[in-house]
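One point on numbering: in our numbering, the residue at position 180 of the sequence shown is 327, and numbering is uninterrupted.
Built from N, CA and C at the ideal position, the CB exists for glycine as well.
Following: one structure in structure tokens, then a few remarks.
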Amino acid sequence: MNDSSNEDHDAWHKYILKTIERLRTYVDITKSKSLLRRYFVMNAFDGTMTSLGIIIGAYISHISHPEVIVSVKIVGGIAMAISGFTGTYMTESAERANTLNELEDSMLTDLFDSIHGDASRYMSFFAALIDGSAPFLASLPSLLPFILSIFGFIPVYFAYFASVMIDLTILFLLGVFLGRISKRNAVYSGLKMIIAGIIVAGLALLIHGGFEA
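What follows is the structure in structure tokens.
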């Protein structure tokens, strides 16, 4: 029984390593590293800003039931994930098919079943997966305070504050990541992201104040 379990574990481990190596090869062939990085950061930023907007909107609407906020954030995250995946997959598939056709014309050969064809199709899916998952994953951490509030561990007003701080922290970390990539001041880049989040919160409060006036 143990031998069979160990064999299954080894087979699964080898499969994962093989998949990772294949992914690296496809990324190198298609030169997609910077593209995938951009997709992740841009859509994580979108997801975090959307999450922040939902939190501020719920606060100024005086929503005191944390389960409502959790539901809205999850549904919004799923909608962004499906939209991002579908749009990116269709766009990337079309663009990569066109690139592959141009390569076939220049080489005067059919590349559909070649490693170039496999890389083109695989990376279309992988890029879409990153594009779709990034905003959803980025919006999840700020759910935790409201989940804790549902179970009575913290009051809902503190959950609002904690969630805003979490989203601003995520924005800061994304900015730091971009700063390191560009080899510029990472902290300054992170602070610029925080300012963007504060602007969103400020605009929401101003709009709300305008309607109440």
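Check, Outcome
"For F272, the nearest candidate out of D252, S296, I313 and S240 (CA to CA)", "S240"
"Among K180, Y186, K161 and L199, the one whose alpha carbon lies nearest that of A351", "L199"
"Sequence-distant residues of its chain with Cβ nearer than 7 Å to K339 (five each side left out)", "G322"
"Own chain partners of F232 with C-beta closer than 7 Å, once the 5 adjacent residues on each side are dropped", "A275, L276, D278 and G279"
"Closer than 7 Å: V311 CB and nearest the ligand NAP heavy atom", "Ligands are entirely absent from the displayed structure, and the ligand NAP is therefore not among its contents."
"Cα-Cα separation, G264 to V222", "36 Å"
"Straight-line Cα distance separating N190 from G204", "21 Å"
"8 Å Cβ cutoff met for V213 and V303", "Sequence inspection shows Pro at residue 213; the Val mentioned does not correspond to that position. Closer than 8 Å, so yes."
"Any chain D beta carbon closer than 8 Å to G299", "The displayed structure is made up of one protein chain only, and chain D is not part of it."
"Given 8 Å, three or more beta-carbon pairs between the segment 304 to 311 and the segment 284 to 293", "yes"
"Selection from I341, S329, D260 and N332 that minimises the alpha carbon distance to L315", "I341"
"Cα-Cα separation, D157 to D175", "27 Å"
"Spatial neighbours of I210 in its chain, beta-carbon cut-off 7 Å, leaving aside the 5 residues before and after", "I216"
"Same chain, Cβ closer than 8 Å to I186, five either side skipped, listed in chain order", "This sequence places Tyr at residue 186; Ile is not what is there. Contacts found: T235, A274, I277, D278 and A281."
"Sequence-distant residues of the same chain with beta carbon closer than 8 Å to H355, five excluded per side", "I207"
"Alpha-carbon to alpha-carbon, S336 and S181", "18 Å"
"Alpha carbon of I262 to alpha carbon of A226, nearest angstrom", "33 Å"
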